[in-house]
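Taken in order, these protein sequences are the chains called Y and U.
In terms of the numbering used here, the first sequence opens at residue 27 and continues consecutively.
In terms of the numbering used here, the second sequence opens at residue 27 and continues consecutively.
Structure, as structure tokens:
There are 2 protein chains.
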Amino acid sequence: MGKAPPRHAAAPYARVKQHVKAQLARGRWRPGALMPSEAELVAKFGVSRMTVNRALRELQGEGLVDRIQGVGTFAARRTRLSSMLTIRDLHEEIEARGHRHRVRVALKRQERALPWLARQLGLETGAAVFHTRIVHLDNDAPLQCEDRYVNPGVAPDYLKVDFTRTTPTHYLLEIAPLWEGTYTIEAAVPTAAEARLLGIERSEPCLVIARRTVCQGVPVTFARLVHPGSRYQLEGVFEA
Amino acid sequence: MGKAPPRHAAAPYARVKQHVKAQLARGRWRPGALMPSEAELVAKFGVSRMTVNRALRELQGEGLVDRIQGVGTFAARRTRLSSMLTIRDLHEEIEARGHRHRVRVALKRQERALPWLARQLGLETGAAVFHTRIVHLDNDAPLQCEDRYVNPGVAPDYLKVDFTRTTPTHYLLEIAPLWEGTYTIEAAVPTAAEARLLGIERSEPCLVIARRTVCQGVPVTFARLVHPGSRYQLEGVFEA
DNA sequence: AAGTGGTCTAGACCACTGG
DNA sequence: CAGTGGTCTAGACCACTTA
């Protein structure tokens, strides 16, 4: 009945997956072309259908193939250059470099939501929101100016937190462990206030990340992260 | 024996997955805490082990749990803010918006690799490399200045391609369908030449992406993509 | 109707870990 | 040793698409 991977050999599903992947890499199927059905691969490799299914399902997850029920499996049409950009908590990122992370809390108060912000947080215009502005220092060099707006309904004690001991990100992740959200990345010049806090010229290009976070369908926080272009860059890997 | 998803209800593996995910979201297990074993979930949900296994395996893939053979399943220790940044081929991206995509080929020739470039492409200093500089226009507005260096060993006919009909990205993807690589994103001012080609001031902040691509372990291409900050931004989603 | 993928099951063997 | 996850199988029912 059930077999197990013989010693240090690859598991059957992995072999099937690798075989198909290699063929794709060699361009055996044009994008959008019909590929072998599960049944064909079952016959070819002498494995069960579940095994083939897992291999193909994982390839689908990696964006290498498209599968349509009732139709077939196809070589991925649009090569999706999906890139993984791992955004770690800035505190961890700085410490990982062996640098000191310090913060300067420039602002910490309750405000009334302007229309654009109310929309981002799913509140009424004029509703109460928490607002902090924190400058993150990497070995005393300003690395990020973080303007953060928080939905009071989700984190009622947000303003009581000592942000010299915990980053907003870290605190919010404790309250609401699972996040999802959208963000934009752009290059822009800082506002006058940001330039002053970051100790840079108003003309210096900055990498600006705007991030909206939702937890369980409820908007949690909106953040604007401004980084001096000369001192900060994002890194990532991509595939396919 | 085999059951199927009853009408339009969620599949059992999805129910198990969702259940566990919801508990994680509510902080039922501290990071690193031991979670129910497969056997327990089998009993609790009255499904087969394979079904539970798939649910947990996918949660592992999403970084929500850590699994150790012979030990157990644990709530993920480090919350990984992995963000997906889908970088589509610029041609597709522009056309998807319903705009016209045109290109201006500013440069197309063979050069000798400087040390930094040779290192990026895994060649000897002074080795021949192909170099193109192409400006991409979105409805006649310059959107990207693409400086691309290509390993001649991988794409010997690169310089013969008519880039008014095919983008370099698209052409290279045909030659080597599977990619992987690294990139950096930063904010910077353009060079004088770039500013001229993009029709912007030298002081305008630009979003600069530097991308190194490898196929099957062989360096394929290095690209520097410069975008006017006022006309371009990256978008993405993130999770966890 | 035939073919495809989507999924579930019950049982099995294995490798690994810990007491 | 018992418990855990890793994996495979053979057969099954289903929904969907196409002819």
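Glycine residues also receive a C-beta, built at the ideal position from the N, C-alpha and C atoms.
Given the structure is predicted, the values throughout are model-derived calculations rather than measurements.
Cβ neighbour criterion (16 or more within 10 Å) applied to residue i
| i | result |
| --- | --- |
| G87/U | exposed |
| A59/U | exposed |
| W205/U | buried |
| Q170/U | buried |
| D173/Y | buried |
| V129/Y | buried |
| V215/U | buried |
| G262/Y | buried |
| S229/U | exposed |
| G66/U | According to the sequence as given, residue 66/U is Glu; it is not Gly. Exposed is the call here. |
| I120/U | buried |
| A231/U | Checking the sequence, you will find Pro at residue 231/U rather than Ala. It is buried - the Cβ of P231/U has at least 16 other Cβ atoms within 10 Å. |
| T190/U | exposed |
| A213/Y | buried |
| K43/Y | buried |
| V46/U | buried |
| A249/Y | buried |
Close Cβ partners of residue i (< 6 Å) along its chain, the five nearest in sequence each way excluded
| i | result |
| --- | --- |
| I226/Y | P254 |
| V68/Y | R75 and V78 |
| N177/Y | L147, P245 and V246 |
| R33/U | With a pLDDT of only 44 at R33/U, under the threshold of 50, the placement of this residue in the model should not be trusted, and no figure is reported. |
| P168/U | V161, L224 and G225 |
| R80/U | Y39 |
| L251/U | Q170, E172 and I235 |
| R126/U | N165 |
| A35/U | none |
| T239/U | W205, G207, V246 and T247 |
| T210/Y | A236 |
| L163/Y | R128 |
| K29/Y | For K29/Y, the predicted structure reports a pLDDT of 45, less than 50, and the residue's modelled location is therefore unreliable. A value from the coordinates is still provided. Around K29/Y: no qualifying Cβ. |
| R93/Y | Q86 and T99 |
| T195/Y | D115 |
| V97/U | none |
Residue i - partner residues in DSSP beta bridges
| i | result |
| --- | --- |
| P245/Y | V240/Y |
| V234/U | E212/U and V252/U |
| F100/Y | L60/Y and D92/Y |
| G124/Y | Looking at the DSSP assignment, G124/Y forms no beta bridge with any residue, so it has no partner. |
| S109/Y | F264/Y and L111/U |
| E206/U | E265/Y and V240/U |
Own chain residues within Cβ distance below 7 Å of residue i, not counting five before or after
| i | result |
| --- | --- |
| A181/Y | L198 and I201 |
| T193/Y | D115, L116 and H117 |
| G152/U | R138 and A139 |
| R101/Y | Reading off the sequence shown, one finds Ala at residue 101/Y, where the question assumed Arg. The residues are L50, W55, R56, P57, G58, A59, M61 and V91. |
| K134/Y | T158 and L185 |
| A144/Y | E150, T151 and A153 |
| A132/U | R159, I160, V161 and L223 |
Any non-hydrogen atom of the ligand NAP within 8 Å of residue i CB
| i | result |
| --- | --- |
| R159/Y | This structure simply doesn't include the ligand NAP, nor any ligand for that matter. |
Nonlocal neighbours in the same chain, by C-beta distance under 8 Å from residue i, ignoring five residues either side
| i | result |
| --- | --- |
| R19/Y | Absent from the structure is residue 19/Y, since the part of chain Y shown begins at 27 and ends at 266. |
| A154/Y | Q136, E137, R138, A139 and P178 |
| Y258/Y | L169, Q170 and L233 |
| T112/Y | G262 |
| P141/Y | T151 |
Uninterrupted alpha helix (DSSP H) stretches inside the stretch 28-69 of chain Y (no shorter than 4 residues): Complete alpha helix (DSSP H) runs here, min 4: 38-51.
Chain-ordered residues of the stretch 174-206 of chain Y with a beta carbon less than 7 Å from chain U: Answer in chain order: L199, P203, L204, W205 and E206.
Members of the stretch 212-236 of chain Y that neighbour chain U once the beta carbon cut-off is set at 7 Å: Among the residues of the stretch 212-236 of chain Y, those with a Cβ less than 7 Å away from any Cβ of chain U are E212, A213, A214, V215, S229, P231, C232 and L233, in the order of the chain.
Ordered list of beta strand (DSSP E) runs contained in the stretch 130-180 of chain Y, each at least 3 residues: Here the runs fully enclosed are 154-164 and 167-176.
Residues in the stretch 45-64 of chain Y having any Cβ partner in chain U nearer than 7 Å: Taking a C-beta cut-off of 7 Å against chain U, the contacting residues of the stretch 45-64 of chain Y are L50, A51 and G53, listed in chain order.
Proximal residues, the stretch 246-263 of chain U versus chain Y, C-beta separation under 9 Å: For the stretch 246-263 of chain U, which is checked against every Cβ of chain Y, the residues closer than 9 Å are H253, P254, G255, S256, Y258, Q259, L260, E261, G262 and V263.
Residues in the stretch 153-176 of chain Y having any Cβ partner in chain U nearer than 7 Å: Against chain U - using a Cβ distance shorter than 7 Å - the stretch 153-176 of chain Y contributes no residues.
Where the stretch 112-129 of chain U meets chain Y: residues whose CB sits under 9 Å from a CB there: Residues of the stretch 112-129 of chain U with a C-beta less than 9 Å from any C-beta of chain Y: T112, I113, R114, D115 and E118, listed in chain order.
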